[in-house]
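Student:
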Amino acid sequence: MNIMEGNELLNFIDSRYFHWLEYAIYKSKQYHIEDEAEDILYKVICELLEKKNDSRLIDFMHEKKKNGTTLDFYVLGAIKYKVLQWQTFHQLKSSRKKIGFVLCESLPVDCMSYDPQEKSLSQQLQDFHDWVIDLLNRLDIPSNYRQLFIFYYMECRPVKDWVGPESIATRYRILERVLDLVRQELKKAMKM
2 MNIMEGNELL NFIDSRYFHW LEYAIYKSKQ YHIEDEAEDI LYKVICELLE
52 KKNDSRLIDF MHEKKKNGTT LDFYVLGAIK YKVLQWQTFH QLKSSRKKIG
102 FVLCESLPVD CMSYDPQEKS LSQQLQDFHD WVIDLLNRLD IPSNYRQLFI
152 FYYMECRPVK DWVGPESIAT RYRILERVLD LVRQELKKAM KM
């Protein structure tokens, strides 16, 4: 795609943005995640821009359909898919309990054996909680990443209530990265 076609794509996105945003809000309201509509649309547009070298995009921009173009229908379909994907993620997120269960879901069953002679289950969970906090302090991550992780997983508070400059999508990416680091460290500790 040359510069002229790249500008044409940007102009097309600019001219359709509010129409797509209305659709994203409409679809998001159906699944009770209307606060996420703009983030969902941004994800779809970013994916579209990543495909800007695909010569079919220009053809799709000019190929007329009933109430728009083929590219319009592609974007609307992508929005619908992302809303469903986002909603599924939120269902999983809202059903989480404590960090121990989130981190241990992929560990073998025998590593979580319970011995009533040793410590109570609540004491074991508290020890695990303390271990995770200590691990977060040792990891080479920014303090706001650490605080967001504790806010979300340890305090079980919603991401949208986090006070910070990051978008909600960025917050979830941060949480995912930190959770992966914690899981890696946990697996290393289990091998020792």
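Remember, our numbering sits 1 above the position in the sequence shown when you count from 1.
Every residue, glycine too, gets a C-beta built ideally from N, C-alpha and C.
Taking DSSP's pairing of strands, which residues face Lys65 in a bridge?
Tutor: Numbered from its first residue, the sequence shown carries residue 65 at position 64. According to DSSP, which records beta bridges pairwise, Lys65 is partnered with Thr70.
Student: Have a look at Lys192, Glu48, Val45 and Thr71 and flag the residue whose alpha-carbon is nearest the alpha-carbon of Arg57.
Tutor: Within the sequence shown, numbered from 1, the residue matching residue 57 stands at position 56. Checking every option, the nearest Cα to that of Arg57 belongs to Thr71.
Student: Once DSSP output is grouped into helix, strand and coil, what is the label at Arg158?
Tutor: Walking along the sequence shown from the start, residue 158 turns up at place 157. Of the three classes helix, strand and coil, the one that applies to Arg158 here is coil, per DSSP.
Student: For Ile151, which of helix, strand or coil comes out of DSSP?
Tutor: Within the sequence shown, residue 151 is the residue found at index 150, counting from 1. Reduced to three states, the DSSP call for Ile151 is helix.
Student: Helix, strand or coil: which one does DSSP assign to Gly165?
Tutor: Along the sequence shown, read from residue 1 onward, the residue named residue 165 stands at position 164. If DSSP states are grouped into helix, strand and coil, Gly165 belongs with coil.
Student: What would DSSP say about Ser29, mapped onto helix, strand or coil?
Tutor: Residue mapping note: residue 29 aligns to position 28 of the sequence shown, counting from 1. The answer is helix: DSSP assigns Ser29 an H, G or I state.
Student: Three Cβ pairs or more, each shorter than 8 angstroms: is that satisfied between the segment 35 to 46 and the segment 58 to 67?
Tutor: no
Student: Roughly how many whole angstroms lie between the Cα atoms of Gln185 and Glu9?
Tutor: Counting from one through the sequence shown, the residue named residue 185 turns up at place 184. Counting from one through the sequence shown, the residue named residue 9 turns up at place 8. Their backbone Cα atoms lie some 45 angstroms apart in a straight line.
Student: Taking one C-beta from the segment 141 to 154 and one from the segment 10 to 19 each time, how about it: are there three or more such pairs within less than 8 angstroms?
Tutor: no
Student: Quick one, are the C-beta atoms of Leu149 and Leu176 less than 8 angstroms apart?
Tutor: Taking the first residue of the sequence shown as position 1, residue 149 is located at position 148. Taking the first residue of the sequence shown as position 1, residue 176 is located at position 175. Cβ distance < 8 angstroms, so Leu149 and Leu176 count as in contact.
Student: Which value, in whole angstroms, describes the spacing of the CA atoms of Trp163 and Leu187?
Tutor: For the purposes of this step, residue 163 is taken as residue 162 along the sequence shown, with counting starting at 1. For the purposes of this step, residue 187 is taken as residue 186 along the sequence shown, with counting starting at 1. So the two alpha carbons sit approximately 26 angstroms from each other.
Student: Straight-line CA distance for Phe129 to Arg174?
Tutor: Here residue 129 is taken as the residue at index 128 of the sequence shown, counted from 1. Here residue 174 is taken as the residue at index 173 of the sequence shown, counted from 1. Roughly 24 angstroms between the two C-alpha positions.
Student: Considering just the uninterrupted stretch of the alpha helix (DSSP H) at Lys53, what are its terminal residues?
Tutor: What you label residue 53 is simply residue 52 of the sequence shown in a count that begins at 1. Element bounds for Lys53: n/a, residue is neither H nor E.
Student: Quick one, which of Glu48, Val76 and Lys30 has its alpha-carbon nearest Trp21's?
Tutor: For the purposes of this step, residue 21 is taken as residue 20 along the sequence shown, with counting starting at 1. The shortest CA-to-CA distance from Trp21 to any of Glu48, Val76 and Lys30 is the one to Val76.
Student: Do you know how far the Cα of Lys52 is from the Cα of Tyr24?
Tutor: By one-based count along the sequence shown, residue 24 stands at place 23. By one-based count along the sequence shown, residue 52 stands at place 51. For Tyr24 and Lys52, the distance between alpha carbons rounds to 22 angstroms.
Student: Taking a contact to mean a Cβ-Cβ separation below 8 angstroms, would you say Val160 touches Tyr153 in this structure?
Tutor: The residue given as residue 160 occupies position 159 in the sequence shown. The residue given as residue 153 occupies position 152 in the sequence shown. Yes, the Cβ-Cβ distance between Val160 and Tyr153 is below 8 angstroms.
Student: Taking the alpha-carbon positions, what's the Gln127 to Ile169 distance?
Tutor: Taking the sequence shown and counting its residues from 1, one reaches residue 127 at position 126. Taking the sequence shown and counting its residues from 1, one reaches residue 169 at position 168. If I take the Cα positions, the gap works out to 29 angstroms.
Student: Assign Lys83 to one of two classes, buried (16 or more other C-beta atoms within 10 Å of its C-beta) or exposed (fewer than that).
Tutor: Your numbering for residue 83 matches position 82 in the sequence shown. When all chains shown are included, Lys83 counts as buried.
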